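Down below is the structure, laid out as structure tokens.
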Amino acid sequence: PELALLGTTGVTMAVPAAAMQRRQQRSSMAPLRLRLAGLGGILALVALGCGVGARALAFATSRRPAGPMLTVSRSELKQAAGRLHKCTMQALIKEKRPPIPRPPREKRMTEAQKTADAITHAVVAVELLHWHGKLAGNLEAAFRKCVYTPLLPRLRRLTDRDASAKEDFRLDESGNKQQRPSRVHDQIVERQFTLGHCFSNVALGALNRLDQALWNSFAKMRSRQAFIAAETKPLDDPEAKTLAAWSSGLITKKNGDLIEIADRPSGNGDGWSNIWILPVFVDHDRSSHSERQALLMMLQHVNVDRKTEGVEDGSKGQARVYATHTPCISCLSSMCQFTRCWPGATVKVTFDTWKETKRWIGFDGPDMQPMGMDADMLDEGLPTFD
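Count along the sequence shown from 1, add 78, and you get the number used in my numbering.
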């Protein structure tokens, strides 16, 4: 009974019964070992992704399925399966985060924009220094060389129809306009928003348009009365639509009729447009500024030639304009273009800075509230000391 017969290919061997039973048990456990080996591989992957212990990792790397690492309890298997299920569910329900937004790219300025920006800072600096009486000779000479001198010929060109019509309107041989621009297209003129108080006076004098006659005081009074009637607030930085201008004129028509404009305050956008007096676009639209409108209103009293769209030949006129604010580059160019629209007219201009004008408008008096410790003492009801 301790021996068993083992049949092979034509050979019969006697084998101990105990050994035969062990072999049968091993052959019957082979499928279970294969299943455990597959489960071990799954657990190894879970261990790599979820950080299970080194024990499962060693089990996954073992090449001997019959080793001691196969002795895994049911509770450990349940825990590993739970971790696997949890990691799988987290991977499925986890939403992909939106990408981190890129910082906005810095807008690169062109050379023309850099030049215009530098001129703007220079104008502001010259204006402040001139107001405080600290404009030194070196800075004034540099501004004159870099800003004023290149601009003056371009403004002088706008005073004459023959000098500017071909470039701006492309006139043909018969005098017809091939293009009709809505504004002045000139890079040198468009790169600054104003010349400031000091150099606007210099430019008007060089263009024979500056006047400091007796009518200046009357123009100031009438403009300030218009501000008070409109209840304009004396803000530090006024809006263009709240500014006023004053004008007067004497017109002699071709037939000899005489028209006198003794007193006319004008506001924002009151006049009719004319193709010979174009605005300049710098930062925003400046076509409705009161100084330009005062000149356009002067043209409403004269006859306009249908072909040239300018004032008919034979009419003469004298115009005066007072601006309550330093003229911008668009208003300054309109003062130049007035004579190319009306070759038989002259125009004289004077103006004040807004710092001077705002002192005379509004109903609110100056701020008399004490400053510093006196104000605190007044709030507490304590006596003050001079």
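Just so you know, even glycine gets a beta-carbon here, dropped at the ideal spot from N, CA and C. Quick caveat, the model's predicted, so the values are computed rather than measured.
Query                                                                                                                                                                       : Result
In three-state terms, what does DSSP make of Thr320?                                                                                                                        : helix
With DSSP as the reference, identify every bridge partner of Arg342, one or two as the case may be.                                                                         : Ser325
So, is Asp430 buried or exposed, given that buried needs 16 or more other C-beta atoms within 10 angstroms?                                                                 : buried
By the 10 Å Cβ neighbour count, where 16 or more other Cβ atoms means buried, how is Trp354 classified, buried or exposed?                                                  : buried
Does the region 430-440 come close enough to the region 374-384 that 3 or more CB-CB pairs lie under 8 Å?                                                                   : no
Going by other Cβ atoms of all chains shown within 10 Å of its Cβ, with 16 needed for buried, is Met299 buried or exposed?                                                  : exposed
With a CB to CB cut of under 7 Å and the five nearest residues on each side skipped, what residues in its chain are close to Pro230?                                        : According to the sequence displayed, residue 230 carries Leu and not Pro. Only Ala281, Ala284 meet the Cβ criterion.
With hydrogens ignored, establish whether the beta-carbon of Asn286 is closer than 6 Å to any heavy atom of the ligand HEM.                                                 : Here there are no bound small molecules, and the ligand HEM is not part of this structure.
So, does the CB of Gly274 fall closer than 7 Å to a CB anywhere in chain B?                                                                                                 : Given the protein chain composition of this structure (a single chain), no chain B is represented.
For the beta strand (DSSP E) containing Lys394, name the first residue and the last one.                                                                                    : 394-401
Are there three or more Cβ pairs, one per stretch, closer than 8 Å when the region 329-341 is compared with the region 358-369?                                             : no
State the DSSP-derived secondary structure class of Ala284, mapped to helix, strand or coil.                                                                                : helix
Report the residue from Ile266, Ala397, Lys212, Asn254 whose alpha carbon sits nearest the alpha carbon of Thr227.                                                          : Ile266
How is the beta strand (DSSP E) around Lys212 delimited, first residue to last?                                                                                             : Here Lys212 belongs to no beta strand (DSSP E), and DSSP marks it neither H nor E.
Identify every residue that forms a DSSP beta bridge with His362.                                                                                                           : Val360
Output the boundary residues of the beta strand (DSSP E) element that contains Ala291.                                                                                      : Unbroken run through Ala291: none, as it is neither H nor E.
Going by DSSP in three states, Arg133 sits in which element: helix, strand or coil?                                                                                         : For Arg133, the predicted model reports a pLDDT of 48, less than 50, meaning its position is unreliable; a value from the coordinates is still stated below. Residue state, collapsed to three classes: helix.
Decide if the region 419-427 is in contact with the region 382-399; the criterion is three or more beta carbon pairs, one per stretch, under 8 Å apart.                     : yes
Drop a sphere of 10 angstroms on the beta-carbon of Ser153, count the other beta-carbons inside from all chains shown, and report buried for 16 or more, exposed for fewer. : exposed
Report yes if the C-beta distance between Gln371 and Ser351 is below 7 Å; otherwise report no.                                                                              : no
Would you kindly work out how many angstroms separate the C-alpha atoms of Leu217 and Gly253, rounded to a whole number?                                                    : 45 Å
Around the C-beta of Ile407, are 16 or more other C-beta atoms found within 10 angstroms, so that it is buried, or is it exposed?                                           : buried
If you count every other CB in all the chains shown that lies within 10 Å of the CB of Ala214, and 16 or more means buried, which is it?                                    : exposed
Out of Ser242, Asp246, Arg234, state which residue places its alpha-carbon closest to the alpha-carbon of Ser260.                                                           : Asp246
My output table needs one value for Phe429: the three-state DSSP class, helix, strand or coil.                                                                              : strand
With respect to the alpha helix (DSSP H) encompassing Gln256, which residues constitute its N-terminal and C-terminal limits?                                               : It is not in any alpha helix (DSSP H) - Gln256 carries neither H nor E in the DSSP assignment.
So, are the CB atoms of Ala397 and Gly327 less than 7 Å apart?                                                                                                              : yes
How long is the line joining the alpha carbons of Glu404 and Gly274, rounded to whole angstroms?                                                                            : Checking the sequence, you will find Thr at residue 404 rather than Glu. If you take the alpha carbons of Thr404 and Gly274, they lie about 7 Å apart.
Short of 6 Å in beta carbon distance, which residues of its chain neighbour Leu236, apart from the five on each side in sequence? Order them along the chain.               : Ser242, Ser411, Cys414, Gln415
Given a cut-off of 7 Å on the beta-carbon distance, is the pair Trp324 and Ser295 in contact?                                                                               : no
Return the first residue and the last residue of the alpha helix (DSSP H) that Phe416 is part of.                                                                           : 407-419
Using beta-carbon positions only, say whether Ala322 and Thr402 come within less than 7 Å of one another.                                                                   : yes
So Arg269 packs on Ala190, CB below 8 Å; how close in whole Å?                                                                                                              : 7 Å
Can you tell me the Cβ-Cβ gap for Val358 and Val204, rounded? I've got them flagged as a contact below 8 Å.                                                                 : Rounded, the Cβ-Cβ distance is 20 Å, inconsistent with contact.
Could you spell out where the alpha helix (DSSP H) holding Met376 opens and where it closes?                                                                                : 368-376
Tell me which residues share the same chain as Arg248 and place their Cβ nearer than 6 Å to its Cβ, disregarding the 5 neighbours each side in the sequence.                : Gln256, Gln257
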